[in-house]
Amino acid sequence: MGKKTTQAIAFWIVRIFGIIVVGILFWILGFIIYNGASAISWEFLTTAPTDGMTAGGIFPAIVGTLCLVVGSMIFAFPLGVLSAIYTQEYAGNGFIVKFIRVMTNNLASIPSIVFGLFGMALFVNTLGFGDSIIAGSMTLGLLVLPLVIRTTEEALKAIPQSFRSGSLALGATKLQTIRKVVLPMAFPNIITGLILSIGRVSGETAPILFTVAAYFLPKLPSSIYDQVMALPYHLYVIATSGTDIEASRPIAYGTALVLIAIVLLMNLLANILRRYFGKKVKTN
3 MGKKTTQAIA FWIVRIFGII VVGILFWILG FIIYNGASAI SWEFLTTAPT
53 DGMTAGGIFP AIVGTLCLVV GSMIFAFPLG VLSAIYTQEY AGNGFIVKFI
103 RVMTNNLASI PSIVFGLFGM ALFVNTLGFG DSIIAGSMTL GLLVLPLVIR
153 TTEEALKAIP QSFRSGSLAL GATKLQTIRK VVLPMAFPNI ITGLILSIGR
203 VSGETAPILF TVAAYFLPKL PSSIYDQVMA LPYHLYVIAT SGTDIEASRP
253 IAYGTALVLI AIVLLMNLLA NILRRYFGKK VKTN
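Each number in my numbering corresponds to the 1-based position in the sequence shown with 2 added.
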């Protein structure tokens, strides 16, 4: 068998698996859209649940989910980027950095429910935040922190060392080189970590179960110390242990469809930002 034949077979195998993955994705989306589209209405999106969550809408859960996503990113994104800058640009490649990277990888593999228990012990009980947006946001932020650190490190590694050397040779300091040269060039790829993090925190149930999520709370939060409803937990409750599971089944599919739509919209916004900064780097 010649090299061209082997290469063609390999390409076809990869293509087939790619088609299978895309097909599964479209099958899942089609299933959710088919079952959830009938529940979507203006009332469903703008009103609170009623009658034991068998009627009404999911507006408080939408607001709660957005609060948690934004809060977790405010906590995780700056901290993760700064940590990656330190390990990649300042700390060298000694034992301490290798140890930090190993611990970061181990942290990324811990089940999310463990983060929920840790968040409950630290933020809810020890720090006295109670079941609140700030406790849930910080717990979710810790959950995605390793992801932000690793993606930022890879983005910084992709910048050629010659750019740093050239900036330093022109008289710039280390900090100026990072701020004016390295970060602007790496930022489009750093946003990849933001996109992945948003997708993960939007659908997590276990961490918010112990730190913020309310079973039935048909009102909007007034501060970061309030409990909120959230789409993942709301979906879990009405699909498994609601007052009338069969009556709330369409609402469950509608909630799932809204959650997917929110994640897609957030990813789209992050991709727009990535393209914007990417074009800005090219023009500069």
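Ideal placement from N, C-alpha and C gives every residue a C-beta, glycine not left out.
Owing to the predicted nature of the structure, the values given are computational and were not obtained by experimental measurement.
The secondary-structure analysis by DSSP pairs Thr52 across a beta bridge with Ala57.
Inclusion of Gly195 and Val150 in the CB contact set at 8 Å is warranted, their separation being smaller than that value. As the crow flies, the alpha-carbon of Ile253 is around 46 Å from that of Tyr88. Under the DSSP definition of a beta bridge, Val23 lacks any partner. A Cβ-Cβ distance of about 28 Å is found for the pair Gly73 and Ile30, leaving them out of contact under the 8 Å criterion. If one requires a minimum length of 3 residues, no beta strand (DSSP E) run lies completely within the segment 107 to 147. For secondary structure counted as the beta strand (DSSP E) over 3 or more consecutive residues, the segment 72 to 113 holds no complete run. When the five nearest sequence neighbours on each side are left out, the beta carbons in the same chain lying within less than 7 Å of the beta carbon of Gln229 are those of Asp133, Ser134, Val214, Ala216, Leu219, in order along the chain. Looking from the CA of Asp53, the closest CA among Arg277, Leu261, Ser250 belongs to Ser250.
The straight-line gap separating the alpha-carbon atoms of Gly38 and Gly32 is approximately 10 Å.
Straight through space, the alpha carbons of Val239 and Phe77 are spaced by roughly 28 Å. A residue is called buried when at least 16 other Cβ atoms come within 10 angstroms of its Cβ; Val16 does not meet this threshold and is exposed. Residue state for Val230 is assigned as strand, using DSSP reduced to three classes. In the three-state DSSP reduction, Ala171 falls in the helix class (H, G or I).
For Phe218, there is no enclosing alpha helix (DSSP H), as DSSP gives it neither H nor E.
Secondary structure note for Ser204: its alpha helix (DSSP H) is the uninterrupted segment 185 to 205. Of the other Cβ atoms in all chains shown, 16 or more fall within 10 Å of the Cβ of Leu261; this residue is therefore buried.
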